[in-house]
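Here the structure is laid out as structure tokens; the discussion comes afterwards.
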Amino acid sequence: MVQHTATAKPLTSCEKTSAIISQGIGPKPNENATTYKQKQKIGSHEIWSAVSALRSNIKKCKPMPPATIPIKNDDINRGIRRPTRSMHVALGLNTFRAVTRASGYVKYFTTFPEPQEPTINTANIPGPKSLELKKKLNTMQLADMVNFFVDYESSTGNYLCDVDGNVMLDVYMQISSIPLGYNHPRLLNVFSNDKNVKALINRPALGFFPGRDWPVRLENILKQIAPKGLNNITTMMCGSCANENAYKNIFIAYMRKKRGEEGNFTDEEMNSCMVNMPPGAPNLSLLSFHGSFHGRTMGALATTHSKYIHKIDFPSLDWPVAAFPNYKYPLEENERDNKEEDKKCLAQVEELIETYSKKDRPVAGIVVEPIQSEGGDNHASPEFFQQLQYISKKYDISLLIDEVQTGGGCTGKFWCYEHFNLPSPPEIVTFSKKLQLGGYFHTSEYRPRETLRIFNTWMGDPAKVLLLEEIINVIKEDQLLDQVQQSGKVLKTGLLQLEKEYPHLVNSTRGRGTFLAIDFESPELRDTVIAQLRKWGVHAGGCGKQSLRFRPALTFKEKHANIVLDRLRRVLYET
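Numbering (the numbering used here), first residue to last: 1018 to 1592.
Listed below in structure tokens is the structure:
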């Protein structure tokens, strides 16, 4: 630790605030000010005068000379934006929470302290504490899939801390579901007021008893992030139930067309559906693709084709499954072959639609991911998706684009399908993960006419919408989509360079934004590299047969990309 000193002189209010913050003064999340004062034997005046100074001076703080308290060299360049950078201090997470919550100026803390680099304390990951917890969990449920146990209180920003004290740069982010990194101060602050806490503990049955602010909140979401032309929203809990219920919307719209606008249910339809028989339970189908993943509920599982273990032993539906393009890389060297691959797959889509129509099991819609994620980060060209939409229009069926994993900005656009320049919007776009709750946007034609057709107890979660609102604010204010494009460019360029250095090990770098993947020569090599990366302090995930996928937070920067590339290079060198 290096001692930084400044010439003795009266401290400004900003400096006083900095000094108090840097010494860790401030209540912990589960302590109020009075309890903390008694525990630490310090005056509440010291705490709250610092808070008051922060309130009144946060906008006026200017760069200070080195502080009069001991701080580390690297703390000064922690990457905290002004005004926090001007304080020249490293905030502990608990102190940061306490002071910023109390100050009411959390909105100015657009970044926050995180480690400079990973630190690993155990020879293996999972470490001994994780193994002990896993053993305990296994007495109550199957826990074989648990990688390690996490200390979420200590995790911050792009860094994940496990229970053994290992701090890893996380480029997997809970399977692409953490948008702004761990413990982002703006999100912590969402539940710092009583009104929002009440929304958290009084979870309503939204279909029957929504709160008075619910229409305004949904309208705000529609205005800010709804795909163009999709002016209806249905909220759910997760990606699986978003897709499951969106499928119902497709079937409802298809049958309404078949009956005519004024068509009513017949007695035969109402009776036969109660025993799962046509005509009330019609023999309709949805077309999906090999390699796809749309969820694990029964309907969504019928359109999931990524791994047998997801499906085996479960009854399913006779629905068509088409081939998804399997491109050769580099793309620029294989343009002709990949165009032929598009044509072959699209021809099969049409063939299956016609075949299932003849089987008296007509296709009501096409379900597709803009990037097949769980299935191996499989990509298709904008032209493929344009022609796929053309086919859906030709046969007068729906096009559902599943943006559960790709939505929320990780490809450099808020919705991945925006890269495809479709002539018109898809009929339905589903979402979850980074958006914190599940749901789907759709056109007015897909709104049911009758009540209770798309329904469950919760129909979403207002507390998650509160988080989503702040996530959207941070994405816009911090221009995170631009940052994703820039950091993604750095990461992708580096991965392509590693391909050149280790062509016998890695290949097929691909992706958009930071939503990237590479392939290894074998599944075993991929698994080994993931394990070794953790030992070097980088937490990544696999997908498909032998792919490694990158799913960092939107706050992932060039410096993080360089750390990932450095650690991956070391692992490949040692392999």
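All residues carry an ideal CB built from backbone N, CA and C; glycine is no exception.
Annotation for Leu-1304: no alpha helix (DSSP H) segment contains it, though the beta strand (DSSP E) segment containing it runs 1302-1306. The beta carbon of Glu-1358 lies closer than 7 Å to those of Pro-1342, Asn-1343, Tyr-1344 in the same chain, with the five residues before and after it left out.
Around the C-beta of Ser-1193, 16 or more other C-beta atoms lie within 10 Å, and the residue is accordingly described as buried. Annotation: Ala-1548 to Thr-1136 spans about 15 Å, alpha carbon to alpha carbon. DSSP places Val-1385 in the strand class (E or B) of the three-state scheme.
For Leu-1186, DSSP records a beta bridge to Tyr-1176, Val-1555.
Secondary structure remark: continuous alpha helix (DSSP H) runs of at least 4 residues inside the stretch 1314-1394, in chain order: 1315-1319, 1352-1375.
If you draw a 10 Å sphere on the C-beta of His-1322, you find 16 or more other C-beta atoms in it, and that means buried. An exposed status is given to Thr-1372, since fewer than 16 other beta-carbon atoms sit within 10 Å of its beta-carbon. Bounds of any beta strand (DSSP E) do not take in Arg-1466, whose DSSP letter is neither H nor E. In this chain, the beta strand (DSSP E) harbouring Asn-1524 covers 1523-1529. In terms of Cα proximity to Pro-1296, the closest of Leu-1303, Arg-1470, Glu-1286, Thr-1156 is Glu-1286. Rounded to whole angstroms, the Cβ separation of Asn-1395 and Gly-1308 is 5 Å, and the two are in contact under 8 Å. Per the Cβ contact rule, the stretch 1506-1516 is not in contact with the stretch 1473-1487 (fewer than 3 Cβ pairs under 8 Å).
A Cβ-Cβ separation of about 5 Å places Glu-1261 in contact with Ala-1317 under the 8 Å criterion. Collapsing the DSSP output to three states places Cys-1560 in a strand.
Among the bridge pairs identified by DSSP, Met-1253 is matched with Gly-1455. When secondary structure is reduced to three states using DSSP, Ala-1534 falls in the strand class. The alpha carbon of Arg-1551 has as its nearest neighbour, out of Ser-1171, Thr-1526, His-1201, Asn-1183, the alpha carbon of Asn-1183. Closest in C-alpha terms to Pro-1130, from the list Asp-1583, Val-1588, Thr-1572, comes Thr-1572. Taking C-alpha positions only, Pro-1347 is separated from Thr-1156 by approximately 48 Å. Around the Cβ of His-1556, a 10 Å sphere holds 16 or more other Cβ atoms; the residue is buried.
In the DSSP assignment, Arg-1566 is bridged to Ala-1534, Gly-1558. Between Ser-1302 and Pro-1337, the C-beta gap is smaller than 8 Å, which places the two residues in contact.
Counting other Cβ atoms within 10 Å of its Cβ, Pro-1143 reaches 16 or more and is therefore classed as buried.
Per DSSP, Asp-1419 lies in no alpha helix (DSSP H); the unbroken beta strand (DSSP E) holding it starts and ends at 1415-1419. One Cα belongs to Glu-1400, the other to Asp-1181, and the distance between them is close to 48 Å. Put simply, the backbone Cα of Leu-1522 is about 8 Å away from that of Leu-1589.
Counting along the chain, Ile-1445 sits inside the beta strand (DSSP E) bounded by residues 1445-1448.
Relative to the Cα of Tyr-1407, the nearest Cα in the group Pro-1443, Gly-1559, Glu-1134, Asp-1179 belongs to Pro-1443. For Tyr-1199, the secondary structure class from DSSP, reduced to helix, strand or coil, is strand.
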